[in-house]
Every structure is written in structure tokens, then in C-alpha cells.
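J.:
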Amino acid sequence: MTGPHIGIHATAWAATVVLGLSSGGVLGAGTARADDPIDSLSARQIADRSSDALRGAHSMHLSTRSTPADGGTPTTLDLIVDRAGNCTGSLGLGGKQGSVRIVKRGDTVWVKPDAQFWKNRDPSVGSALAAILAGRYMKGSASDPRLSNLASACDLATFQKVVSDNAKTDKGTLTKGRKTTLAGTPVVPLVRAWHGQKVTMYVAATGKPYPLRIDVTGGSPKADATVGFSAFDKPVPTTTPPPDETVGINAQETRAT
């Protein structure tokens with residue numbers, strides 16, 4: 277046995293967000309500079325301002341929920357992440373794939389897959405691995421090949437680049453809705469429709485024009501997803517798992533062989 281390999285391409289969480297960007301997204305190219313109230317601007321100007329605000333954030337809380345076309349168990353993500361690559365949160369992989377808790381500070385990462393994750397990844401030894409870990413985190417370097425894919429979920433800088441690279445689209449039709457509220461916050465909805473897909477982004481109408489939520493529905497294949505953005509520029513919690521709740525990945529590998 278070569279030891280536990282957490283081979284999840286976790287940057288796929290960004291793809292959920294980019295659903296609303298690459299194939300008829302609502303974020304613009306970032307050219308608006310007017311000081312007018314956000315709800316007095318055109319849909320394109322609001323999209324441009326929102327793109328600027330999102331790319332300029334140093335940290336944020338991201339939450340996603342994506343339902344597969346077959347209506348199965350959604351994939352989810354809940355992460356507080358910053359540009360330095362620090363993060364804390366969880367990923368739900370959908371179906372019977374289980375979930376993973378993750379904490380990353382600098383080049384050190386702690387991951388805690390649940391029992392269902394191990395069973396799905398390696399049915400022959402999954403139960404044994406879960407028993408060895410006994411609910412503890414595995415700790416290692418973020419550059420370790422066994423952990424690097426999962427650690428990439430904490431790469432806010434790359435996500436922001438993906439947003440920037442995919443935001444410059446004129447596909448479909450972009451319209452501005454009437455000012456409303458989202459969880460008590462004034463927002464302006466922008467809607468882009470393209471090839472049967474509807475992407476709605478709710479932009480904060482006060483303060484910085486951050487996108488607060490993106491809803492994606494329809495399309496072919498059908499893809500329904502919700503992405504939430506909050507806690508902009510608030511620091512990632514610095515708490516890391518204590519030693520008695522941690523097993524070094526190399527030590528765990530030795531015990532599992």
C-alpha cells in the first residue's frame with residue numbers, strides 16, 4: 277500500500293462559480309469607474325464594478341451547492357479562504373463520496389475525511405483507514421502529492437484569476453432587475469440568459485458592489501448551482517487542530533501498511 281492519497285481535484289469548486297462566468301456569465305470585464313449609485317448604472321456597468329470588487333478582495337467566505345443533472349446528492353463547499361492560501365472549511369463530494377474537513381495555514385494542511393470518503397476511495401482498506409484515524413486529522417505539507425490536490429481548494433488567487441479570465445463574455449442577454457433585498461441586504465439582480473441557462477447574480481447595492489450570490493439554473497446538460505460570497509476581507513481563523521487530534525500523514529501511512 278502506498279498510503280492514503282487524497283486525490284480530489286478540489287479546484288473543481290471554482291468550476292461551480294465559473295458556471296456563471298464562462299458560459300454566459302454575469303461578471304463583466306472590470307471597466308466601470310463611475311461614482312453613481314450602483315442601481316442607477318446599466319447592467320454592464322454593474323457587472324464591471326462587481327468584477328472589480330470580487331477580484332480585489334483579500335479574503336472571503338465561499339459557499340457552494342451544486343445539484344447534478346440526475347438529481348442526486350448535491351456537492352457542497354463551505355470555505356473561508358484568503359489570497360495567502362490559508363483556509364478552513366469543508367467539502368461535500370456528493371453521492372456516496374463522503375466529505376472532507378480542511379484547515380490550511382501556510383504550507384501546512386490538515387484534512388479529515390469521513391468514513392464514507394475512505395470507503396468510496398478504497399473499499400478494500402477504507403474501513404481500516406477510518407478506524408486508524410479515529411476521527412483525527414491527517415497533517416502534512418500542502419506540496420505533498422497526497423494532499424496537494426485538496427490543498428488547492430484554498431487557492432483564492434487562482435480562483436480570482438479564473439474569474440477574471442472568464443468574465444469577459446458577451447454571450448446571451450444581460451439584464452438588470454429591480455433593486456431588492458437578499459437576507460436583508462439591498463441588492464441589484466443581474467440576469468444573463470444563454471442557451472436555456474439562466475444565471476442570476478445579486479450585487480450589493482450599498483458599500484462595495486460585491487457579488488453576494490450567484491444562482492445557475494437550466495442549460496444542457498442541466499446544471500443547478502448556488503454560490504454565496506460573504507465576509508469579504510475578514511481574516512481566516514488561525515485556529516488549527518491540536519496535536520491530540522492530529523496524525524502525521526507519514527505516520528498514518530506506516531500504520532496503514
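At position 151 of the sequence shown the residue is numbered 427 (our numbering), and the sequence of numbers has no breaks.
A virtual CB, placed ideally from N, CA and C, is assigned to each residue, including glycine.
Hey, could you find the ends of the beta strand (DSSP E) K447 is sitting in?
T.: Neither: K447 is in no beta strand (DSSP E) and is coded neither H nor E.
J.: Within its chain, find whatever has a CB closer than 7 Å to the CB of G472; leave out the 5 residues flanking it on each side and keep chain order.
T.: G494, G495 and S496
J.: Taking 8 Å as the cut-off, does the segment 379-387 touch the segment 357-369 (at least 3 CB pairs, one atom from each stretch)?
T.: yes
J.: Which residues does DSSP pair with P465 in a beta bridge?
T.: Within the DSSP secondary-structure output, P465 pairs in a beta bridge with Y478.
J.: So the alpha helix (DSSP H) G495 belongs to, where does it begin and stop?
T.: G495 -> no alpha helix (DSSP H), and no H or E assigned at all.
J.: Can you find the residues in the same chain that come closer than 7 Å, C-beta to C-beta, to K510, ignoring five residues on each side of it along the sequence?
T.: S335
J.: Kindly give me the distance between the Cβ atoms of T340 and A501, rounded to whole angstroms, as I take these residues to be in contact under 8 Å.
T.: 7 Å
J.: For W470, list the residues DSSP reports as bridge partners.
T.: Q473
J.: Would you mind stating whether S424 and D383 have Cβ atoms separated by less than 8 Å?
T.: no
J.: Just reading off the beta strand (DSSP E) that S342 is part of, what are its end residues?
T.: S335 to T343
J.: Please classify G374 as buried or exposed, where buried requires at least 16 neighbouring CB atoms within 10 angstroms.
T.: So G374 ends up on the buried side.
J.: Using DSSP with H/G/I as helix, E/B as strand and the rest coil, what is R412?
T.: coil
J.: Provide the residue span of the alpha helix (DSSP H) that contains R331, from first to last.
T.: A319 to G332
J.: With DSSP collapsed to three states, give me the class of F435.
T.: helix
J.: So L369 and T343 are in contact, right, with Cβ under 8 Å, and what is the actual spacing, rounded?
T.: With a Cβ gap of about 14 Å, L369 and T343 do not count as contacting.
J.: Output needed for S299: all residues of its chain with C-beta closer than 6 Å, excluding positions within five of it in sequence on either side, in chain order.
T.: Residue confidence is low: S299 scores 45 on pLDDT, short of 50, so the model does not pin down where it sits. No coordinate-derived value is stated.
J.: Between the Cα of K498 and those of V385, L409, T461 and K474, spot the shortest distance and give me the residue it belongs to.
T.: K474
J.: Are the beta-carbon atoms of T476 and W386 separated by less than 8 Å?
T.: no
J.: Which residue's Cα is closest to the Cα of L432: P313, L338, R320 and A319?
T.: L338
J.: Are L466 and L488 closer than 8 Å when you measure CB to CB?
T.: no
J.: Considering only DSSP beta bridges, list what D315 is partnered with.
T.: Per DSSP, none; premise fails for D315.
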